[in-house]
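Those protein sequence lines, which keep their order, are chains A and B.
For the first sequence, the positions run 3 to 294 when my numbering is used.
For the second sequence, the positions run 3 to 294 when my numbering is used.
Number of protein chains: 2
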Amino acid sequence: MPLPNRWLTSLLMRFNGVSILVDCGEGTQIPLRKYGYSPNPIDVMCITHFHADHISGLPGMLLAMKNAEKETPLTIIGPKGLTNIVRSLRVIAPALPFDVNCMEIEGSEETFSFPGFRLEAFKVNHNVLCYGYSMVVDRIGRFDVERAKALGLDIKFWNPLQKGNEIVTEDGRKITPDMVLGPPRKGLRVTYATDSRPTASIEEHARGADLFICEGMYGEPGMEQDAVEKKHMTFAEAAEIAVRACPDEMWLTHYSPSFVHPERFVDEARRIFPASVAAKDGRSIDLNFKGD
Amino acid sequence: MPLPNRWLTSLLMRFNGVSILVDCGEGTQIPLRKYGYSPNPIDVMCITHFHADHISGLPGMLLAMKNAEKETPLTIIGPKGLTNIVRSLRVIAPALPFDVNCMEIEGSEETFSFPGFRLEAFKVNHNVLCYGYSMVVDRIGRFDVERAKALGLDIKFWNPLQKGNEIVTEDGRKITPDMVLGPPRKGLRVTYATDSRPTASIEEHARGADLFICEGMYGEPGMEQDAVEKKHMTFAEAAEIAVRACPDEMWLTHYSPSFVHPERFVDEARRIFPASVAAKDGRSIDLNFKGD
């Protein structure tokens, strides 16, 4: 439920000029604008499930994109039924100057590849079909100058090989990137899971993530049964996932409307997983490749 | 467009325990809650037209009503096509514990009667079919004690007659209210018009209103042509309607997103119609019958 002092849960990721929005409940366009972002570069939207608090802001966001003169296509990823839901909601946003392509997730896991990154959708456990998402940026191995020199490669070939392209030398030799690159280095992984009970799929996807964003519907004591019945999680349950998956940090979000001061209960999560944060609206982080 | 510091235009009227909401753009449930009102008693909703900024908050509002344990039926009044639009938007709010009845306005004017008040819908002039609304509370004439006494009426009959009911005396005489009531007194009228160019229908409906709420999309100088092209009004155009219709006061609303400081330009309207107000979010007034 959107509250006067708390927007509905949504995540904006930006990478190489492309923005990816995960979930779009009522009003999401407002904090987007408030925090200084444009809807124009949102080329991918991921919808976890079709409860209104995760998708009711879609028509308004589409019109905000139009208003921001978006022309590049928008891909919307979501559970089966997405095409029909989007078509229905577009009754009030019918004419747009960009294409909207819906991609319905098949099965319990599916990966969607984009230039430079991929999105992994994984089924979670809510009272309707619901998916979490990981955004993954792979990083190739280090360029081995010694091997390049040993192969007698002109320096003009180094850059295309570093970018993962094959080259052919003047004397007709085909050189593949693996001949001059070390093993792949750790890239980036952001994993987002709401609304759900704890699942093995969340733990697997959050493993070693740079950032794990997880629902924590309840943080106050005595809400364990509510969490079970309403198919949500307590802070402790989210932290139990994190302590096994070992992300760099975990942000809790998607609090119950009646849960007014989540920050007062974050120690409950920190006792289990110290790098837990009770996230508030507008929280932001820059993630960079680690090491050289 | 909903802005970080300005909600979409919407009007809540409360009368005798019933709330009437006019327009429900994205996020409307949030200021409703912020200003301390419940969606539960909203039994009537009026939609001016189907542009997203006037209806995109509908699914969220319906779910907020459910959450507030609303059980009484909701009547939604709006232009032709309303039933289909509401059905489409309810794809994300399918199961509700109260009935939703859509009433599509026929022709250029239609009156909808409710206990104690009526809503008059009147066609305005926008780039899609659009209606303004007047809420009217009639007030019967003063009870004439002398006439009641002259008719030899027992005091127990006075109250039903005052309420507009016929009575039959013990000696079999039928007494109708007009026999003991003076002429109808001035009741209450609130007239709401957005989005539109100036029209005769707005002027007629705003005539003598206790409150006239009118769009003023543009207040800065030099926007006259934009107002014509986009089928909206300038402050001056709204004030020209008001000066002819003579409402007690006029509130301007529905400002262009680029029109950041409407209060700085309200003098433009006041030169024409002194009782002009550049309304801000949360503005509220109590209207009472005048005289005894």
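Beta carbons are placed, not taken as given, at the ideal position from N, Cα and C, and that holds for glycine.
Note that this is a predicted model, so its numbers are computed, not measured.
List the residues of chain B whose Cβ lies closer than 8 Å to the Cβ of residue i, in chain order.
i: alanine 208(A); result: Under the 8 Å cutoff, chain B gives no residues; its nearest Cβ is about 28 Å from alanine 208(A).
List the residues of chain B whose Cβ lies closer than 9 Å to the Cβ of residue i, in chain order.
i: serine 90(A); result: Arg89, Ser90, Leu91, Arg92, Val93 and Ile94
Name, please, each residue of chain A whose Cβ falls closer than 7 Å to the Cβ of residue i.
i: glutamate 28(B); result: Glu28, Gly29, Gly59 and Gly62
Taking CB distances under 8 Å as the criterion, tell me whether residue i reaches chain A.
i: phenylalanine 237(B); result: no
i: phenylalanine 159(B); result: no
i: alanine 195(B); result: no
i: leucine 65(B); result: yes
Could you list which residues in chain A have their beta carbon closer than 8 Å to that of residue i, in chain order?
i: leucine 5(B); result: Ile32 and Arg35
Pull up the distance between the alpha-carbon of residue i and that of residue j, whole angstroms please.
i: histidine 207(B); j: threonine 193(B); result: 6 Å
i: histidine 51(B); j: glycine 218(B); result: 17 Å
i: glycine 62(B); j: proline 41(B); result: 11 Å
i: glycine 80(A); j: leucine 14(A); result: 16 Å
i: aspartate 288(A); j: alanine 280(A); result: 18 Å
i: glycine 38(A); j: glycine 19(A); result: 15 Å
i: arginine 8(B); j: glycine 284(B); result: 10 Å
i: serine 260(B); j: lysine 36(A); result: 15 Å
i: tryptophan 160(B); j: arginine 149(B); result: 11 Å
i: serine 278(B); j: arginine 144(B); result: 32 Å
i: cysteine 132(B); j: proline 162(B); result: 40 Å
i: arginine 89(A); j: alanine 202(A); result: 33 Å
i: aspartate 146(B); j: methionine 137(B); result: 28 Å
i: leucine 98(A); j: glutamine 164(B); result: 57 Å
i: serine 58(B); j: arginine 141(B); result: 36 Å
i: glutamate 168(B); j: alanine 229(A); result: 59 Å
i: aspartate 173(A); j: lysine 158(A); result: 15 Å
i: histidine 263(B); j: proline 264(A); result: 36 Å
i: glycine 118(A); j: proline 33(A); result: 27 Å
i: asparagine 69(A); j: aspartate 294(B); result: 52 Å
i: serine 110(B); j: isoleucine 107(A); result: 47 Å
i: proline 185(A); j: leucine 121(A); result: 22 Å
i: leucine 84(A); j: leucine 60(A); result: 12 Å
i: serine 115(A); j: glycine 27(A); result: 25 Å
For the ligand ATP, is there any heavy atom lying closer than 7 Å to the beta carbon of residue i?
i: threonine 171(B); result: This structure simply doesn't include the ligand ATP, nor any ligand for that matter.
Using a Cβ cut-off of 8 Å (strictly closer), state whether residue i contacts chain B.
i: asparagine 69(A); result: yes
Please name the residue in the options whose C-alpha comes closest to that of residue i.
i: methionine 181(B); options: Gly166(B), Glu172(B), Ala195(B) and Pro200(B); result: Gly166(B)
i: leucine 213(A); options: Thr255(A), Asp228(A) and Ile177(A); result: Thr255(A)
i: isoleucine 215(B); options: Asp55(B), Ile44(B), Thr196(B) and Glu231(B); result: Thr196(B)
i: phenylalanine 124(B); options: Ile204(B), Ser115(B) and Ala70(B); result: Ile204(B)
i: phenylalanine 267(B); options: Glu251(B), Pro223(B) and Ala247(B); result: Pro223(B)
i: glycine 154(B); options: Ile177(B), Gln164(B), Trp253(B) and Met137(B); result: Ile177(B)
i: leucine 91(A); options: Gly118(B), Phe114(B), Ala54(B) and Val126(B); result: Ala54(B)
i: cysteine 104(A); options: Met47(A), Glu168(A), Asp140(A) and Val139(A); result: Met47(A)
i: aspartate 101(B); options: Thr74(B), Glu112(B), Leu34(B) and Lys233(B); result: Thr74(B)
i: serine 198(B); options: Leu76(B), Phe237(B) and Leu34(B); result: Phe237(B)
i: glutamate 242(A); options: Ile32(A), Gly29(A), Glu122(A) and Arg273(A); result: Arg273(A)
i: alanine 271(A); options: Thr171(A), Lys82(A), Met252(A) and Ile94(A); result: Met252(A)
i: leucine 65(B); options: Leu10(B), Thr30(B) and His128(B); result: Thr30(B)
i: aspartate 45(A); options: His56(A), Leu23(A), Phe114(A) and Leu60(A); result: Leu23(A)
i: leucine 190(B); options: Leu10(B), Leu60(B) and Arg16(B); result: Arg16(B)
i: proline 96(A); options: Met67(A), Met235(A), Ser115(A) and Glu231(A); result: Met67(A)
i: isoleucine 94(B); options: His234(A), His56(A), Asp156(A) and Ser21(A); result: His56(A)
Determine the burial state of residue i: buried for a count of at least 16 other Cβ atoms within 10 Å of its Cβ, exposed for fewer.
i: lysine 72(A); result: buried
i: tyrosine 135(B); result: buried
i: isoleucine 87(A); result: buried
i: glycine 210(B); result: exposed
i: phenylalanine 291(A); result: exposed
i: alanine 244(B); result: buried
i: proline 300(B); result: With chain B running from 3 to 294 in the structure shown, residue 300(B) is simply not present.
i: glycine 221(A); result: buried
i: proline 276(B); result: exposed
i: valine 170(B); result: exposed
i: aspartate 269(B); result: exposed
i: proline 4(B); result: buried
In chain A, which residues lie with their C-beta within 9 Å of the C-beta of residue i?
i: alanine 54(B); result: Pro61, Gly62, Leu64, Leu65, Ile94 and Ala95
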